[in-house]
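Below: one structure, written as structure tokens.
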Amino acid sequence: MTILPREFYIQYTTHVARELLGMTLVRSIDGQRVAGMIVETEAYTGRDDLASHGHGGKTPRNLPMWGPPGHAYVYLVYGMHWLLNIACEPEDYPAAVLIRALEPLEGLDIMQANRAPHPQLQWTKGPARLTKAMQVDGSHNRIDMTNMTGGLWVEAGQRIMDNEIHTGPRIGMGRRVHEPWFSMPWRWWIAGNRHVSR
DNA sequence: ACGGAGATCTTCT
DNA sequence: GAAGATCTCCGTT
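For the first sequence, numbering that gives the first Met the number 0 assigns the number 0 to the initial residue and increments by one for each residue that follows.
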């Protein structure tokens with residue numbers, strides 16, 4: 000299988016978010032593959048993006064957003080949930096794509112154990128659920144996802160046609176989703192896929 | 001099906 | 001000191 004190379008991530012954030020749909024996120028746990036097809040993503044891009052951690056400049060936490068494209072940005076929200084992003088665009092530009100949902104493909108026994116007692120449809124239906132299912136946490140922050148050394152990478156997968164893809168406002172914007180900026184359609188998902196959140 | 005609240009803690013103002 | 005790129009549980013309809 001072909002691991003997506005660094006060049007893939009050196010493109011406009013929205014383009015990367017769209018192109019990641021159908022690709023396979025892979026995690027190696029004790030030599031066993033745990034994998035899922037990416038079915039939902041969100042773009043966070045630039046200093047001007049009011050909803051992005053990159054807004055307001057560099058801080059110790061958001062530094063990976065400026066770092067090398069193709070590296071992971073993993074952070075904790077609400078004191079208990081890990082969220083996985085992949086840095087994109089050229090270095091020194093703050094941008095990342097949040098992986099919001101997967102369709103389980105391989106290592107189902109491991110995912111089930113990590114997500115018990117929930118049914119399969121809920122294992123990876125949401126950004127914090129998928130990190131729990133695939134055992135992704137702060138130890139993966141800043142790893143290079145363009146090779147296998149970090150135990151986490153993305154492989155080429157299904158080609159998703161444009162007419163199978165929908166876009167809409169990002170999730171978690173609160174009441175501000177009604178303001179112009181926060182209603183920008185920077186969430187991407189595979190239409191009709193049962194594993195998409197919401 | 002839908003709504004509200006609690007869990008839990010890091011980050012930055 | 002408050003808010004946060006969420007999830008789960010428990011209540012009511």
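Backbone N, C-alpha and C define an ideal beta-carbon position, used for all residues, glycine too.
The Cβ atoms of residue 11 and residue 40 lie no closer than 9 Å to each other.
Below 8 Å, enough C-beta pairs join the segment 63-77 and the segment 0-10 to call them touching: three or more. With fewer than 16 neighbouring CB atoms inside 10 Å of its own CB, residue 57 falls in the exposed class. 106 is the residue among 48, 106, 118 whose C-alpha sits nearest the C-alpha of residue 28. Contact check between the segment 73-81 and the segment 20-27: fewer than three CB pairs, one atom from each, fall below 8 Å, which does not count as touching. Going by DSSP, residue 33 is part of the beta strand (DSSP E) stretching over 31-44.
Taking 8 Å as the upper bound for CB-CB distance, residue 98 and residue 62 are not in contact here, some 19 Å apart.
The beta carbons of residue 93 and residue 53 sit closer together than 9 Å. If you draw a 10 Å sphere on the C-beta of residue 158, you find fewer than 16 other C-beta atoms in it, and that means exposed. For residue 112, the three-state secondary structure derived from DSSP is helix.
A residue is called buried once 16 or more other Cβ atoms fall within 10 Å of its Cβ, and residue 180, having fewer, is exposed. Looking at the backbone, the Cα of residue 17 and that of residue 160 are separated by about 10 Å.
In the DSSP assignment, residue 73 falls within the beta strand (DSSP E) that extends over 71-76. Here residue 155 is near residue 1, since their CB atoms are less than 9 Å apart. Residue 97 sits in a strand when the DSSP states are folded into three classes.
In the three-state reduction of the DSSP assignment, residue 155 falls in the coil class.
When secondary structure is reduced to three states using DSSP, residue 81 falls in the strand class. Here residue 3 carries a coil assignment [DSSP, helix/strand/coil].
For residue 26, the enclosing beta strand (DSSP E) stretches over residues 23-28. In this structure, the beta-carbon distance from residue 120 to residue 165 does not fall below 9 Å.
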